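**Student:** Mind looking over this structure? Questions follow.
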Amino acid sequence: MTTTLTPPPRGASKRAPSRPPVSARGSAARGRPGDGRFVAACLLPALALFALFMIWPTVSVFRMSLYSWSGFSAQMRFVGLDNFTKLVDDEQFLRAFQNTVALLVVVTVVTMGMGLFLAAVMTRQKLRGHTLYRFVLYIPNVLSVVVIAAIFSAVYDQENGLLNGTLRLLSLDGLQQVWLGDQKLVLYSVAIAMLWQSLGYYMVIYMSSMASIPEELYEASALDGASAGRQFFAVTLPLIWQNLRTTLTFFILSAVNLSFVLVRAMTGGGPDGASEVLLSYMYKQAYTNSAYGYGMAIGVVIFAFSFLVSLLVSRATRREPLQF
Amino acid sequence: MTTINKSGPRPGRGLTHLLVGAITLLIVIPVGWVLVASLKRKSEFFGSPWTLPEGLHLQNYVDAFGGAQMGRYFATSVLVTLLGLVFVLAVSVPAAYVVARYEFRGKGIVEVALLAGLFVNVNYIVVPIFLMLVDWDRALVDVFPDGFFLDNPAMLSLVYAATSIPFTIYLLTAYFRSIPGDFEEAALLDGASRFRIMTRVMLPMARPAVTTVILFNFLAYWNDFIIALTLLPGEGKTLQVGLLNLMAAQKAAADPGRLYAGMVIVIVPVLLLYALIQRRLIQGMAAGGVKG
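First to last, the protein sequences are chains A and B.
To convert a position in the first sequence, counted from 1, into the numbering used here, add 16.
To convert a position in the second sequence, counted from 1, into the numbering used here, add 327.
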């Protein structure tokens with residue numbers, strides 16, 4: 017890339033060949049001698065950092081996945097696809113994979129459903145105080161995941177937690193649970209924390225895209241006797257469909273990540289691997305187990321998985337874009 | 328203008344109000360509870376979680392700032408975040424400007440690479456970054472026997488900056504493109520240099536976009552703990568990693584007050600900032616719409 021940053025030949029601007037460069041639209045400085053040096057000086061620092069700390073590490077993930085390497089020793093043994101064949105028999109890995117998929121499906125469906133509902137209610141019914149609601153609902157999105165993990169650890173605490181304490185107060189002692197210590201429950205507890213974190217963010221996005229739908233469409237459909245529910249499915253949803261698709265893709269990418277940071281800070285994957293997700297298992301293999309090659313093979317699976325899911329979702333939700 | 332919605336009370340409106348209010352309470356209560364609990368004495372944590380503290384037990388904050396070193400971690404976090412913002416703006420503003428306004432060979436590749444970078448989450452690649460820094464430290468062991476790259480807050484800032492380059496350039500480029508070229512033409516006729524046009528003409532006009540970028544990157548740097556945990560394994564921790572340690576210590580020592588005070592120390596600056604700039608944050612999010 018670095019050698020291609022030469023200035024374009026003078027007058028090579030295809031869009032306005034007959035005009036002097038000064039009047040070329042949107043680029044006052046196009047085609048002056050010395051442009052190349054300026055472009056390079058502006059671009060190279062950013063590209064160098066980007067290449068060093070993003071492209072190269074990404075390539076490394078793929079390269080290292082083909083080696084058996086215990087970290088700091090110099091011995092790196094090429095093992096081809098062995099790491100990947102081992103993965104298929106690794107029950108902990110399969111469990112982490114299942115957990116990731118379960119969290120993705122449940123959290124995505126619930127968050128988007130509730131986010132859409134809230135956004136529709138807030139924009140259509142013009143609830144009094146909706147800016148206050150929006151302000152509050154967005155708060156979790158600015159909090160760090162460590163804080164959220166700490167909050168939920170306190171809420172879920174077995175002895176003095178908000179949840180069990182409240183249940184005791186209501187004489188519902190029978191419903192008390194070890195929210196983060198029960199293998200069957202822990203994943204739901206994590207899912208609720210994820211929902212709590214991301215609901216406001218998606219609501220705000222949908223609110224802004226719903227706000228751009230012209231009021232006449234609703235008036236017309238109301239004259240035709242459409243109920244609020246019918247309006248939502250016949251008018252709102254089709255018109256924000258493209259926006260919905262985009263957020264779905266980003267949701268999946270960020271949920272893979274959020275599930276990890278939350279699990280890392282809140283449960284550490286426990287109890288006994290019951291809340292382990294793909295990325296946390298990758299970390300465990302790399303740092304705790306010093307199986308760097310194996311860990312990076314998991315990394316490759318995560319890359320491939322999130323890419324494939326995004327692609328499939330994008331394909332499955334493709335519709336003719338509607339204009340208004 | 329009359330809208331259908333205002334033309335009469337809708338059935339079910341009270342119900343939706345109730346529901347939205349309930350969901351809002353579910354967000355407020357845990358956060359508020361932490362704020363209140365940070366003022367409780369140790370003995371007040373047992374029994375009902377809904378009791379208010381009898382007095383303002385500020386000793387928790389003294390313990391958190393001093394004993395748990397949250398004050399020191401706070402300073403590290405401020406330093407790392409500010410430095411990261413300086414780094415990312417210094418390299419991204421010129422790059423975004425050039426991508427938006429100049430034609431050069433390889434531009435297509437650069438744009439595609441940066442766009443692909445939007446999809447690479449930092450947490451996927453921290454392990455190789457960590458190993459790379461370990462390698463560099465080992466190579467320079469004669470010059471810096473104690474290591475230079477790991478446990479170096481400036482290095483952490485640099486990694487933050489580097490990994491947020493795709494998002495930053497994406498947002499800034501879009502904004503630069505939306506500014507009409509007339510201003511640059513006028514400046515060019517006045518004999519301004521390219522650098523001067525960029526810094527004195529375009530940068531001031533791009534201020535809304537720069538503010539948005541600063542906000543999102545501030546939150547990302549301030550709130551990160553995975554990279555900080557990996558790249559600062561020694562004593563100099565960031566606030567988030569410090570809080571993580573406090574959580575682990577609290578499990579053993581059963582002294583919740585200090586932990587709650589620590590949480591408040593982490594929450595309050597972000598909450599204040601959010602209250603001040605929430606409108607811009609939400610607008611910027613709707614415009615950028617990519618940062619999760």
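Backbone N, C-alpha and C define an ideal beta-carbon position, used for all residues, glycine too.
All values reported here derive from a predicted model rather than from experimental measurement.
With respect to the alpha helix (DSSP H) encompassing Ser330(A), which residues constitute its N-terminal and C-terminal limits?
**Tutor:** 308 to 332
**Student:** Would you mind telling me which residues of chain B sit closer than 7 angstroms to Gly181(A), beta carbon to beta carbon, in chain order?
**Tutor:** Ser375, Pro376
**Student:** Which value, in whole angstroms, describes the spacing of the CA atoms of Leu573(B) and Gly394(B)?
**Tutor:** 11 angstroms
**Student:** Taking beta-carbon pairs under 8 angstroms, can you tell me which members of the stretch 60 to 86 of chain A lie near chain B?
**Tutor:** Pro61, Ala62, Leu63, Leu65, Phe66, Leu68, Phe69, Met70, Ile71, Trp72, Pro73, Thr74, Ser76, Val77, Met80
**Student:** Below 8 angstroms between beta carbons is the criterion; list the residues of the stretch 150 to 165 of chain A that meet it against any residue of chain B, in chain order.
**Tutor:** Arg150, Phe151, Val152, Leu153, Tyr154, Ile155, Pro156, Val158, Leu159, Ser160, Val161, Val162, Val163, Ala165
**Student:** Restricting to Cα atoms, I'd like to know which of Tyr299(A), Met130(A), Arg280(A), Gln258(A) is closest to Arg335(A).
**Tutor:** Gln258(A)
**Student:** Just list the residues that DSSP pairs Tyr355(A) with in beta bridges.
**Tutor:** Because chain A in this structure spans residues 17 to 340, residue 355(A) falls outside the shown range and cannot be described.
**Student:** What distance in whole Å lies between the Cβ atoms of Leu201(A) and Gln7(A), which are believed to be in contact at a cut-off of 8 angstroms?
**Tutor:** This structure leaves residue 7(A) out entirely; chain A is present only between 17 and 340.
**Student:** Using 7 angstroms as the limit for Cβ to Cβ distance, is Phe372(B) near chain A?
**Tutor:** yes
**Student:** Need the endpoints of the alpha helix (DSSP H) that Ala62(A) sits in, please.
**Tutor:** 51 to 66
**Student:** Is there a Cβ of chain A sitting closer than 7 angstroms to that of Tyr429(B), yes or no?
**Tutor:** yes
**Student:** Are any of the Cβ atoms in chain B nearer than 7 angstroms to that of Ile314(A)?
**Tutor:** no
**Student:** Would you say Trp72(A) and Gly309(A) are within 7 angstroms of each other, going by their C-beta atoms?
**Tutor:** Their beta carbons are not under 7 angstroms apart, which means Trp72(A) does not touch Gly309(A) by this criterion.
**Student:** By the three-class DSSP mapping on this structure, what secondary structure does Phe476(B) have?
**Tutor:** coil
**Student:** Confirm, please, whether the CB-CB distance from Gly216(A) to Pro287(A) is below 7 angstroms.
**Tutor:** no
**Student:** Which residues, taken in chain order from the stretch 125 to 143 of chain A, show a beta carbon closer than 9 angstroms to some beta carbon of chain B?
**Tutor:** Met130, Phe133, Leu134, Val137, Met138, Arg140, Gln141, Lys142, Leu143
**Student:** Quick check on Asn176(A) - is its C-beta less than 7 angstroms from some C-beta in chain B?
**Tutor:** yes
**Student:** With three or more beta-carbon pairs closer than 8 angstroms as the criterion, would you say the stretch 485 to 499 of chain B touches the stretch 417 to 425 of chain B?
**Tutor:** yes
**Student:** Thinking C-alpha only, which one of Thr252(A), Leu278(A), Ile318(A), Val316(A) is nearest Phe168(A)?
**Tutor:** Among Thr252(A), Leu278(A), Ile318(A), Val316(A), the Cα nearest to that of Phe168(A) belongs to Leu278(A).
**Student:** Examine chain B for any beta-carbon lying closer than 7 angstroms to the beta-carbon of Leu327(A), and answer yes or no.
**Tutor:** no
**Student:** Name the chain B residues that come within less than 8 angstroms of Tyr308(A), Cβ to Cβ?
**Tutor:** Within chain B, Val454, Leu458 have C-beta atoms less than 8 angstroms from the C-beta of Tyr308(A), given in sequence order.
**Student:** Going by the C-beta, is Arg53(A) closer than 6 angstroms to any heavy atom of the ligand ZN?
**Tutor:** The ligand ZN is absent from the structure shown, which contains no ligand whatsoever.
**Student:** Who are the near neighbours of Ala576(B) in its chain, counting only those whose CB is closer than 7 angstroms to its CB and skipping five residues on each side?
**Tutor:** none
**Student:** Which chain B residues are close to Gly311(A), counting only those with a beta carbon under 8 angstroms from its beta carbon?
**Tutor:** Val454
**Student:** According to DSSP, is Phe545(B) helix, strand or coil?
**Tutor:** DSSP places Phe545(B) in helix when its eight states are reduced to three.
**Student:** Which of the three DSSP states, helix, strand or coil, is assigned to Thr101(A)?
**Tutor:** Thr101(A): helix per DSSP, three-state reduction.
**Student:** Near Phe78(A), which residues of its chain fall below 7 angstroms by C-beta distance, leaving aside the five closest residues on each side in sequence?
**Tutor:** Contacts found: Val316.
**Student:** Suppose the cutoff is 8 angstroms on Cβ atoms and the five residues either side in sequence are ignored; what does the same chain contact list for Leu320(A) look like?
**Tutor:** Sequence check: residue 320(A) is Ala here, not Leu. Excluding positions up to five away in sequence, the list is empty.
**Student:** Determine the chain B residues that contact Val273(A) at a beta-carbon separation under 7 angstroms, and present them in chain order.
**Tutor:** The question names Val, but residue 273(A) is Asn in the sequence shown. The contacting residues are Asn448, Asn450.
**Student:** Tell me whether the stretch 246 to 261 of chain A and the stretch 102 to 113 of chain A touch, counting them as touching only if at least three CB pairs, one residue from each stretch, are closer than 8 angstroms.
**Tutor:** The way I'd put it, the stretch 246 to 261 of chain A doesn't touch the stretch 102 to 113 of chain A; fewer than three beta-carbon pairs between them come closer than 8 angstroms.
**Student:** Which two residues bound the contiguous alpha helix (DSSP H) that contains Trp377(B)?
**Tutor:** Unbroken run through Trp377(B): none, as it is neither H nor E.
**Student:** Less than 7 angstroms between the C-beta atoms of Ile221(A) and Thr263(A), yes or no?
**Tutor:** With respect to the 7 angstroms criterion, Ile221(A) and Thr263(A) are classified as neighbours on the basis of their beta carbons.
**Student:** Rounded to whole angstroms, how far is the Cβ of Ala227(A) from the Cβ of Thr139(A), which I believe are closer than 8 angstroms?
**Tutor:** 6 angstroms
**Student:** Suppose contacts are defined by Cβ-Cβ distances below 7 angstroms. Is Ile268(A) in contact with Gln213(A) by that definition?
**Tutor:** no
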